[in-house]
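A.B. asks: Attaching a single structure in structure tokens format; questions to follow.
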Amino acid sequence: MHHSVFRSLIMPHYCRSLADLPQLSEYIIYSNAKRIKEALEYVHSQNIVHMDVKSANVMVDMDGKWYLADFGSAKNIGEPVGSYTHHFYPVDITSKPALPSFDYYMFIILVIIELNKANWKSLLDYNNHMHIAHSEVVNMIKQGRTPIFICFLTDLLTLADNDCIKSL
Numbered sequence: 001m002h003h004s005v006f007r008s009l010i011m012p013h014y015c016r017s018l019a020d021l022p023q024l025s026e027y028i029i030y031s032n033a034k035r036i037k038e039a040l041e042y043v044h045s046q047n048i049v050h051m052d053v054k055s056a057n058v059m060v061d062m063d064g065k066w067y068l069a070d071f072g073s074a075k076n077i078g079e080p081v082g083s084y085t086h087h088f089y090p091v092d093i094t095s096k097p098a099l100p101s102f103d104y105y106m107f108i109i110l111v112i113i114e115l116n117k118a119n120w121k122s123l124l125d126y127n128n129h130m131h132i133a134h135s136e137v138v139n140m141i142k143q144g145r146t147p148i149f150i151c152f153l154t155d156l157l158t159l160a161d162n163d164c165i166k167s168l
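All residue numbers for the sequence shown refer to the UniProt record's numbering, where the first residue is 1 and numbers rise by one.
Here it is in structure tokens:
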């Protein structure tokens with residue numbers, strides 16, 4: 001497992017960020033999302049929470065493989081959260097203890113944005129400080145996806161739910 005994890009953390013040559021790419025197919029998103037999940041699992045096993053999982057912090061190489069990057073907001077598990085992408089999280093977590101579940105929730109939002117590249121901003125809840133509402137996240141997971149991708153996203157939601165989403 002470690003060999004494949006390192007392959008999703010150490011990029012041979014940077015091409016562009018995921019945020020710069022046009023809409024990708026569900027298959028490509030799913031294939032690469034599995035790589036990022038492995039990278040997050042490894043990072044968490046090292047007692048680190050990334051705290052800024054978003055498309056701009058996922059680099060893509062010449063072969064289209066995704067790599068987790070930009071650990072500038074990273075914290076050790078339990079340290080107070082300093083910065084994070086606010087509309088990627090449904091409540092203010094500033095100064096809360098950093099938890100791996102925060103990364104998984106932000107990762108779900110990243111995947112939802114990548115699946116809805118053209119209109120993701122329409123998902124923002126303007127009555128809730130521009131966050132994507134948790135109920136909308138649950139709905140988006142189930143919308144028109146292959147069963148294996150629904151399982152993958154549901155598993156991520158379970159990882160996110162373990163510590164923090166229950167307080168919503």
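Glycine included, each C-beta is placed from N, C-alpha and C at the ideal position.
Remember, it's a predicted structure, so these values are computed and weren't measured experimentally.
Span of the alpha helix (DSSP H) holding Tyr84?
C.D. replies: Tyr84 -> no alpha helix (DSSP H), and no H or E assigned at all.
A.B. asks: Would you call the segment 14-24 and the segment 73-86 touching, i.e. three or more CB-CB distances under 8 Å?
C.D. replies: No, the segment 14-24 does not touch the segment 73-86.
A.B. asks: On the criterion of 16 or more Cβ atoms from any shown chain inside 10 Å, does Lys75 qualify as buried, or is it exposed?
C.D. replies: Under this definition Lys75 is a buried residue.
A.B. asks: Does DSSP put Arg16 in a helix, a strand or coil?
C.D. replies: Three-state result, Arg16: strand.
A.B. asks: Among the candidates Lys142, Arg145, Tyr104 and Ala160, whose CA atom is the shortest distance from the CA of Ile36?
C.D. replies: Ranking Lys142, Arg145, Tyr104 and Ala160 by Cα distance to Ile36 puts Tyr104 first.
A.B. asks: Hey, Phe152 and Ala33 are a contact pair by Cβ (cut 8 Å); roughly how many whole angstroms apart?
C.D. replies: Yes, Phe152 and Ala33 are in contact; Cβ-Cβ is about 7 Å, under 8 Å.
A.B. asks: Straight-line CA distance for Ile112 to Met59?
C.D. replies: Cα-Cα distance, rounded: 17 Å.
A.B. asks: Using DSSP bridges, identify the partner residues of Lys75.
C.D. replies: Beta-bridge pairing links Lys75 to Val49.
A.B. asks: Just to confirm before moving on: does the CB-CB distance between Leu110 and Lys54 stay below 8 Å?
C.D. replies: The answer is yes: Cβ separation under 8 Å.
A.B. asks: May I ask you to report which of helix, strand or coil DSSP gives Leu68?
C.D. replies: In the structure shown, Leu68 sits in a strand (DSSP, three-state: E or B).
A.B. asks: Between Lys142, Pro147 and Ser17, which has its C-alpha nearest Met62's C-alpha?
C.D. replies: Residue Ser17 is the option with its Cα nearest to Met62.
A.B. asks: Would you give the residue range spanned by the alpha helix (DSSP H) that Val60 belongs to?
C.D. replies: Element bounds for Val60: not the alpha helix (DSSP H) but the beta strand (DSSP E), Val58 to Val60.
A.B. asks: Within 10 angstroms of the Cβ of Ile148, are there 16 or more other Cβ atoms? Answer buried if so, exposed if not.
C.D. replies: Result: exposed.
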